[in-house]
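Visitor:
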Amino acid sequence: MLSSWPRASARGPDVRYSLPMSGQLVRALSAIVGRENVLDGVVDLQTYEYDAYGERSLPRAVVFLRSSAEVSAVVRLLGAEGVSFVARGYGTNVSGGSLALDGGVVLEMGRMNRILEIDISNRCVVVQPGVFTLDVSTALAPYGYYYAPDPASMRASSIGGNIAENAGGPHCFKYGVTTNHVLGLEVVLPDGEIVWLGGKNVDRPGLDLTGVFVGSEGTLGIVTAAILRILRSPETVKTMLAVFASLEDAGNVVSAIVAAGLVPATLEMMDGRTVKAVEDDLACGYPRDAGAVLLIELDGLSDGMDDAAEEIAAICRAQGALDVRVAQNEAEQAALWRGRQGSFASTTRLAPNYMSLDGAVPRTKLPELLRRVSDLAQEVGLEVYCTLHAGDGNVHPCFLYDGAEPGAKERAEEASMEVLRICAGLGGTVSGEHGIGVEKLEAMHFVFGENDLRVQGFIKDVFDPRGLCNPGKLLPSTEAADG
Ligand SMILES: Cc1cc2nc3c(=O)[nH]c(=O)nc-3n(C[C@H](O)[C@H](O)[C@H](O)COP(=O)(O)OP(=O)(O)OC[C@H]3O[C@@H](n4cnc5c(N)ncnc54)[C@H](O)[C@@H]3O)c2cc1C
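The following block contains the structure:
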C-alpha cells in the first residue's frame, strides 16, 4: 500500500462508489451471458471491490464468463459503450491489479476453469485461465508430470492471474518464473478480436508477443486459454533446513552455493522473527531461536544427490550454519513447506495492518539489502518480518503496524517505498513477482526513465488505443514529462 494510491479511495466513508449501471447496459450484457451472470447490486458488487492489496474500488458491474466467445462479445459491447473493464481471477494479487477503477466492469474468469488438454507427447497442457494453479500439477501427477511455477498462493490463485503477474515461487529459482513456462496464449484483445499468440512449438518466427503478454497485468487483453510447458516429476526430492545466527550469514550462503555450481530446486529464506511466528502458529518443526533459516530443496536423480546435499551442508557450515538438518520423510518435508507457505498468514495475523512488498536484487547484494532493511525498520520504529525467494534475490519485507495509531500507516508507506528505492539502487528492481498494479506506480520511476516508460506506453496503445483494458495499472502517467 504505497503512496501512489489516491488518498480519496481509502477505507471508510470516502470509498469510491461506482457509476450506476444503465438498465440498457445490464440488458445488453444479460443478452450475452444471461441475467444470472451479471451482478449490479451494491451488496453483490462489494464482494468484488477489493483484492489482497487491501484498498477498495467498487465496480460498476461484475460479469461471469464461460467462453472466449462470451469474453469477446462482452468486451466489444463495453468498447461500444466506452466502459473500462478488468479481468479478475481469484483476487489474490497484492498490488491492486484486479481493482476496477473509476466504475469499470469486472470480468470474472473463475468459471473458465477447465483443463482442456493434457498433451504428454508435446510436454504441455492447454488450460482455461480460471484453473487453480495447483490443480494443473494435481491433474498431471498420475502421468508423472507437473507444472513448475509454484506461488505460495497456488491453492487459491488462477493460471490467468499468474500469467498476468508473471508469478514466481520457490521452484522458479531452478526452473524459471511463469513466463518461462507459457508456450502460447489465446487472448481476447481490447477490441474483442480473438487471437492466438505462440503455440505448442517452442521456437516461432516473428515478435515474441506471448512474452509481451506475460506480466502485462491484464492491461493488454484478456487471456482465455494458455498452453503451459510441463516437466517430468523428479525421481527424488531432498529437503534440507540450514539454521543461522543472523540473516547476513544466511544471505552469504545463497551466493556461495550458486558460485559452487550447485543449483538446488529451491533456496528459500525466513528471518528469525518469521520463523518464530510460523512456529507459534503452525508448529512445523522450525527452531524458534534461529536468527534465520534457509529451506533448501534438491530434486532430480537419486544418483549423486547425497553428495550434492553433503556439499551444500559443508558450504552452510563453512559460512557459519549452527545446524543443517535433512527432512527424514515426506511428512517432515511437508511440514517444512507448510511453514514456508503459511509464513505470510502467520506473520500478518500479528498486527491489525501490514505492508508487504517484493523488491529484488542481484543475489550477491542480499546481505547488504537485509542489513539496510533492518536498519530502516529501526529508524521508523516498526517491526519488519522478512521472507525471501533467496535464490532469485527476491525479498518480501513485511512491515507490521496498527492503522489506528496516528502516523503509523504513513511510516510504513515511507519505509516500503524506501526499500524499493534501495533495491533499485543496488541494481535490482521494484517487483520480483507481485506486480506493479496501483501499488508501485511511483516506484516504476526508480527503475525506468521517462523514455523507457513512454516506449512501454506505445506498446499499450497498440493493443489498447482507447485505454479501456485495466486502466490505471502498471504504467505511471508520463504526462508531466510530455509537458
Ligand atoms: C498469501 C499469498 C501468497 C502469495 N504468494 C505469491 C508467490 O509466492 N508468488 C507470486 O508471484 N505471487 C504470490 N502472491 C500474489 C498472487 O497470488 C499472485 O499475484 C497471483 O498470480 C494472482 O492470481 P489471481 O488469480 O488471484 O489473480 P487476480 O488477483 O484476480 O488478478 C491479478 C492480475 O491478473 C489479471 N488477470 C487475472 N486473470 C486474467 C486473465 N484471464 N487475463 C488477463 N489478465 C488477468 C488481473 O486483471 C490483475 O491485474 C501471493 C498472494 C497471497 C495472498
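Residue numbering for the sequence shown follows the numbering used here, beginning at 1337 and increasing consecutively. Heads up, the beta-carbon is just placed ideally off N, CA and C, and yes, glycines get one too.
1. Just confirm the distance between the C-beta atoms of Gly1764 and Pro1703, as a whole number of angstroms; I'd bet it's less than 8 Å.
2. Helix, strand or coil: how does DSSP classify Ala1288 here?
3. Which runs of the alpha helix (DSSP H) spanning at least 4 residues fall entirely within the region 1494-1562, listed in chain order?
4. Going by DSSP, what residue range makes up the alpha helix (DSSP H) through Glu1746?
5. Quick one: which unbroken beta strand (DSSP E) runs of 3-plus residues sit fully inside the region 1347-1423? Chain order, please.
6. Return yes when at least one heavy atom of ligand 1 lies under 6 Å from the C-beta of Asn1498, else no.
7. In chain order, what residues of the same chain lie with their CB nearer than 7 Å to the CB of Asn1373, ignoring the 5 residues before and after it?
8. Looking only at its chain, what residues have a beta carbon closer than 6 Å to the beta carbon of Arg1343, apart from the 5 residues adjacent to it on each side?
9. Which of the three DSSP states is assigned to His1781 in this structure?
10. What is the residue span of the alpha helix (DSSP H) that Leu1470 lies within?
11. For the region 1807-1815 against the region 1774-1789, are there 3 or more C-beta pairs whose distance is under 8 Å?
12. Helix or strand or just coil, what does DSSP make of Pro1801?
13. What does DSSP give as the partner residue(s) for Phe1580 in the beta ladder?
14. Kindly indicate the opening and closing residues of the alpha helix (DSSP H) around Pro1703.
15. I need the straight-line Cα distance from Leu1577 to Lys1796, nearest angstrom please.
16. Are Arg1661 and Leu1631 closer than 7 Å when you measure CB to CB?
17. Using DSSP with H/G/I as helix, E/B as strand and the rest coil, what is Arg1568?
18. Just to confirm, are Leu1320 and Phe1735 a CB contact at a threshold of 7 Å?
19. Report whether the distance from the Cβ of Gly1695 to the nearest heavy atom of ligand 1 is below 6 Å.
20. Would His1507 pass as a contact of Ala1601 if the rule is Cβ separation under 7 Å?
21. Closest to Arg1491 by C-alpha separation, out of Asp1471, Ile1499, Ile1651 and Ser1752, would be which residue?
22. Cutting at 8 Å between CB atoms, please list the residues of its own chain near Leu1618, excluding the five before and the five after it.
23. Just to check my reading of the structure: Tyr1481 and Leu1567 have Cβ atoms closer than 8 Å, yes? What is that Cβ distance to the nearest angstrom?
24. Please report the straight-line C-alpha distance between Val1317 and Arg1707, rounded to a whole angstrom.
25. Provide the residue(s) that pair with Val1573 in DSSP beta bridges, ordered along the chain.
26. Report buried or exposed for Gln1464, applying the criterion of at least 16 other Cβ atoms within 10 angstroms of its Cβ.
27. Taking contact to mean 3 or more Cβ pairs, one atom from each stretch, closer than 8 Å, check whether the region 1769-1784 and the region 1538-1545 are in contact.
28. Heavy atom of ligand 1 less than 6 Å from the Cβ of Asp1438, yes or no?
29. Using DSSP with H/G/I as helix, E/B as strand and the rest coil, what is Thr1428?
30. Should Val1379 be labelled buried (16 or more other beta-carbon atoms within 10 Å of its own) or exposed?
31. For Gly1497, which option in Lys1536, Ile1456, Leu1476 and Ser1431 has the closest C-alpha, if you only look at C-alpha atoms?
32. Within 10 angstroms of its Cβ, does Asp1659 collect 16 or more other Cβ (buried), or is it exposed?
33. I want to know whether the region 1439-1446 touches the region 1399-1414 - three or more CB-CB distances under 8 Å.
34. Taking its Cβ as the centre, do 16 or more other Cβ atoms sit within 10 Å of Arg1371, making it buried, or is it exposed?
35. So is the beta-carbon of Gly1427 under 6 Å away from any non-hydrogen atom of ligand 1?
36. Leaving out five residues on either side along the sequence, give the residues of the same chain with a beta carbon under 7 Å from the beta carbon of Ala1388.
Guide: According to the structure data:
1. Start at 1 with the first residue of the sequence shown, and residue 1764 comes out as number 428. Start at 1 with the first residue of the sequence shown, and residue 1703 comes out as number 367. Going by Cβ atoms, the distance from Gly1764 to Pro1703 rounds to 13 Å, so no, they are not a contact pair.
2. Residue 1288 is absent from the structure shown; the chain starts at 1337 and stops at 1819.
3. Runs found: 1495-1501, 1508-1511 and 1545-1549.
4. For this step, residue 1746 is matched to residue 410 along the sequence shown. Run containing Glu1746: Ala1744 to Gly1761, per the alpha helix (DSSP H) assignment.
5. Those beta strand (DSSP E) runs which fall completely within the region 1347-1423 and span 3+ residues are 1397-1400.
6. Residue numbering aside, residue 1498 sits at position 162 when the sequence shown is read from its first letter. Because some heavy atom of ligand 1 lies under 6 Å away, the Cβ of Asn1498 counts as near it: yes.
7. The count along the sequence shown starts at 1 and reaches residue 1373 at position 37. Val1399 and Phe1400, listed in sequence order.
8. As a first step, residue 1343 is located in the sequence shown; it is residue number 7 there, counting from the start. Since pLDDT at Arg1343 reaches only 31, below the 50 mark, its modelled position is unreliable, and no value is offered.
9. In the sequence shown, counting from the first residue as 1, residue 1781 sits at position 445. Assignment of His1781 by DSSP, reduced to helix, strand and coil, places it in the helix class.
10. Position 134 of the sequence shown, counted from the start, is the residue given in the question as residue 1470. Thr1469 to Leu1476 is the extent of the alpha helix (DSSP H) around Leu1470.
11. Cβ pair count under 8 Å is three or more, so yes.
12. The count along the sequence shown starts at 1 and reaches residue 1801 at position 465. Coil at Pro1801, not helix or strand.
13. Against the sequence shown, residue 1580 aligns to sequence position 244. Paired residue(s): Ala1628.
14. As a position in the sequence shown, residue 1703 is number 367, starting the count at 1. Counted as a single uninterrupted DSSP element, the alpha helix (DSSP H) harbouring Pro1703 occupies residues Leu1702 to Val1716.
15. The residue given as residue 1577 occupies position 241 in the sequence shown. The residue given as residue 1796 occupies position 460 in the sequence shown. C-alpha separation (whole angstroms): 44 Å.
16. As a first step, residue 1661 is located in the sequence shown; it is residue number 325 there, counting from the start. As a first step, residue 1631 is located in the sequence shown; it is residue number 295 there, counting from the start. Taking C-beta atoms as the reference points, Arg1661 and Leu1631 fail to come closer than 7 Å.
17. Along the sequence shown, read from residue 1 onward, the residue named residue 1568 stands at position 232. Looking at Arg1568 - three-state DSSP - the assignment turns out to be strand.
18. Missing from the structure shown is residue 1320; the chain here goes from 1337 to 1819 and no further.
19. For this step, residue 1695 is matched to residue 359 along the sequence shown. No.
20. Taking the first residue of the sequence shown as position 1, residue 1507 is located at position 171. Taking the first residue of the sequence shown as position 1, residue 1601 is located at position 265. Yes; because the gap between Cβ atoms is below 7 Å, this pair is in contact.
21. If you number the sequence shown from 1, residue 1491 lands on position 155. It is Asp1471.
22. Within the sequence shown, the letter at position 282 stands for residue 1618. So the qualifying residues of the chain are Arg1674, Gly1675, Gly1678 and Ser1682.
23. Stepping through the sequence shown from its first residue, residue 1481 is reached at position 145. Stepping through the sequence shown from its first residue, residue 1567 is reached at position 231. Yes, they are in contact, since the Cβ atoms of Tyr1481 and Leu1567 sit about 6 Å apart, within 8 Å.
24. The chain is shown from 1337 up to 1819; residue 1317 falls before or after that span and cannot be answered.
25. In the sequence shown, residue 1573 corresponds to position 237, counting from 1. According to the DSSP secondary-structure assignment, Val1573 is paired through a beta bridge with Asp1635.
26. In the sequence shown, residue 1464 corresponds to position 128, counting from 1. Of the residues assessed, Gln1464 falls on the buried side of the cut-off, its CB having 16 or more other CB atoms within 10 angstroms.
27. Contact between the region 1769-1784 and the region 1538-1545 is absent, because fewer than three Cβ pairs lie under 8 Å.
28. Position 102 of the sequence shown, counting from 1, holds the residue named residue 1438. The answer is no for Asp1438.
29. In the sequence shown, the residue the question calls residue 1428 occupies position 92. In the structure shown, Thr1428 sits in coil (DSSP, three-state: anything other than H, G, I, E or B).
30. In the sequence shown, counting from the first residue as 1, residue 1379 sits at position 43. Label assigned to Val1379: exposed.
31. Taking the sequence shown and counting its residues from 1, the one referred to as residue 1497 is at position 161. Checking every option, the nearest Cα to that of Gly1497 belongs to Ser1431.
32. Looking up residue 1659 in the sequence shown gives position 323. A residue is called buried when at least 16 other Cβ atoms come within 10 angstroms of its Cβ; Asp1659 does not meet this threshold and is exposed.
33. A contact exists between the region 1439-1446 and the region 1399-1414.
34. If you number the sequence shown from 1, residue 1371 lands on position 35. The residue in question, Arg1371, is exposed, as its Cβ has fewer than 16 Cβ neighbours within 10 Å.
35. Translated into the one-based positions of the sequence shown, residue 1427 becomes position 91. Correct: Gly1427 has its Cβ closer than 6 Å to ligand 1.
36. Locating residue 1388 in the sequence shown gives position 52, counting from the first residue. Closer than 7 Å at the Cβ level, and outside the excluded window around Ala1388, lie Gly1427, Thr1428, Asn1429 and Val1430.
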